[in-house]
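In what follows, a single structure is set out as structure tokens and then discussed.
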Amino acid sequence: MTTESAGSVERIGPPVRGGERETLRAFLDYHRATLAMKCEGLTDEELRRRSAPPSTLTLLGLVRHMAEVERTWFRRVIDAEDVPLVWSDEGDYQVAYDARTASREEAFAAWRTEVAHARRIEAAAPSLDVTAHAARWGEDVSLRLVMHHVTLEYARHNGHADFLREAIDGTVGA
Numbered sequence: 106m107t108t109e110s111a112g113s114v115e116r117i118g119p120p121v122r123g124g125e126r127e128t129l130r131a132f133l134d135y136h137r138a139t140l141a142m143k144c145e146g147l148t149d150e151e152l153r154r155r156s157a158p159p160s161t162l163t164l165l166g167l168v169r170h171m172a173e174v175e176r177t178w179f180r181r182v183i184d185a186e187d188v189p190l191v192w193s194d195e196g197d198y199q200v201a202y203d204a205r206t207a208s209r210e211e212a213f214a215a216w217r218t219e220v221a222h223a224r225r226i227e228a229a230a231p232s233l234d235v236t237a238h239a240a241r242w243g244e245d246v247s248l249r250l251v252m253h254h255v256t257l258e259y260a261r262h263n264g265h266a267d268f269l270r271e272a273i274d275g276t277v278g279a
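Its first residue numbered 106, the sequence shown is counted upward by one per residue in the numbering used here.
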């Protein structure tokens, strides 16, 4: 396990000989920290800077989107909470990407809140075999699948964050 730090964000590498749950948890936290590192040290304006037209993708939009992902999979699916999306009462996941008037403070506050809920829900589950109904998929899913899915969602979007950050100030890596 390795530890890296960039500014105030600490990223701890997954254990090389951990159990399944410990390893899944560590990979998910590693990818959460990677997204935070990609945003470290940027102004609100820079975080709202769009990628290549016609795309409206921004780093702040990714943070908002991942808050929705965490909320949906852990609170709405695994914990069966009847809560709306963070940014859309109508269930429109695309609203989170629109960060034109968003701030780092509101986006990261929502994201941190949802990550804290997700960690609590995962830790309280007796095993990775816990299942819950995913209405969008029309079937029951396990906590194991949710943890894998959310990790892959972060990994995919962290690739986008790499390009966005490089275009803003030339920072590459991590």
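Glycine included, each C-beta is placed from N, C-alpha and C at the ideal position.
Within 10 Å of its beta-carbon, does residue i have 16 or more other beta-carbons around it, so buried, or fewer, so exposed?
i, result
"residue 243", "exposed"
"residue 166", "buried"
"residue 272", "exposed"
"residue 212", "buried"
"residue 215", "buried"
"residue 278", "exposed"
"residue 223", "buried"
Which same chain residues end up closer than 8 Å to residue i when comparing Cβ atoms and leaving out the 5 residues on each side of it in sequence?
i, result
"residue 162", "155, 156, 202, 265 and 269"
"residue 205", "153"
"residue 252", "129, 130, 133, 227 and 233"
When you compare the CB positions of residue i and residue j, do they come within less than 8 Å of one another, or not?
i, j, result
"residue 207", "residue 169", "yes"
"residue 192", "residue 200", "yes"
"residue 185", "residue 219", "no"
"residue 114", "residue 142", "yes"
"residue 263", "residue 148", "no"
For residue i, collect the residues of the same chain with a Cβ closer than 7 Å to its Cβ; drop the 5 residues on either side in sequence, then sort them by chain order.
i, result
"residue 254", "178"
"residue 237", "182, 183, 185, 245 and 246"
"residue 152", "144, 163, 164, 165 and 209"
"residue 127", "120"
Which one or two residues does DSSP pair with residue i in a beta bridge?
i, result
"residue 246", "237"
Using the Cα positions of residue i and residue j, report the straight-line distance between them to the nearest angstrom.
i, j, result
"residue 125", "residue 247", "14 Å"
"residue 195", "residue 189", "8 Å"
"residue 130", "residue 180", "16 Å"
"residue 159", "residue 229", "43 Å"
"residue 259", "residue 136", "6 Å"
"residue 256", "residue 249", "11 Å"
"residue 116", "residue 187", "32 Å"
If you drop the 5 nearest sequence neighbours on each side, which residues of the same chain put their C-beta closer than 6 Å to that of residue i?
i, result
"residue 239", "182 and 246"
"residue 276", "270"
"residue 235", "248"
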